[in-house]
Ligand SMILES: [Zn+2]
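Residue numbers (my numbering): 8 to 129.
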């Protein structure tokens, strides 16, 4: 599997086959639960204690992109409405996309800063 599909499907960065998370993104009581080790290759996802604290910064960047994208969409499609509509739209998209933001920020943290190389033949 290529890099981008593996990242978008939250697959292990080493084998790109095993899943990182135990359930789907919108299974709200469980969307944060991760496997400790990859179910396919056994890679330990949390390389060191606190590794995923760095995902907060990735999450911040993702959320900034979501807010800016929402602002532009509201401006383009609604023709510069009142401020409360911008704020409401940004809050709604932020909360609706929160599970995806959480998961992709952790997956990006693993892929970009985990120092893990893809091994095709696992
Ligand atoms: Zn794996």
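Beta carbons: idealized from backbone N, C-alpha and C, even for Gly.
Small disclaimer: the values here were computed from a predicted structure and weren't measured.
- Message: By the three-class DSSP mapping on this structure, what secondary structure does residue 116 have?
- Response: Looking at residue 116 - three-state DSSP - the assignment turns out to be helix.
- Query: Which whole-angstrom value describes the C-beta separation of residue 29 and residue 41, a residue pair presumed to lie in contact below a C-beta threshold of 8 Å?
  - Reply: For residue 29 against residue 41, the beta-carbon gap comes to about 7 Å, under 8 Å, which counts as contact.
- Can you tell me where the alpha helix (DSSP H) with residue 30 in it begins and where it stops? Note, residue 30: premise wrong, no alpha helix (DSSP H); not H, not E.
- Message: Taking only three categories from DSSP, how would you classify residue 23?
- Response: Secondary structure of residue 23 (DSSP, three-state): coil.
- Please go through the same chain and pick out, in chain order, the residues whose beta-carbon is closer than 7 Å to the beta-carbon of residue 7, but skip the five residues on each side of it. Residue numbering for the chain in the displayed model covers 8 to 129; residue 7 lies beyond these limits and cannot be assessed.
- Just the Cα atoms here: how many angstroms apart are residue 160 and residue 33? The requested residue 160 is not part of the displayed model; the chain covers only 8 to 129.
- Task: Below 8 Å on the Cβ atoms is my guess for residue 64 versus residue 113; work out the distance and round it to an integer in Å.
- Result: Between residue 64 and residue 113, the beta carbon gap of about 12 Å keeps them out of contact (Cβ cut-off 8 Å).
- Query: Helix, strand or coil: how does DSSP classify residue 63 here?
  - Reply: In the three-state reduction of the DSSP assignment, residue 63 falls in the helix class, which pools H, G and I.
- Query: Does the distance from the CB of residue 129 to the CB of residue 16 come in under 8 Å?
  - Reply: Result no, Cβ atoms of residue 129 and residue 16 do not sit closer than 8 Å.
- Task: Go ahead and pull the three-state DSSP assignment for residue 8.
- Result: Note: residue 8 maps to coil in three-state DSSP.
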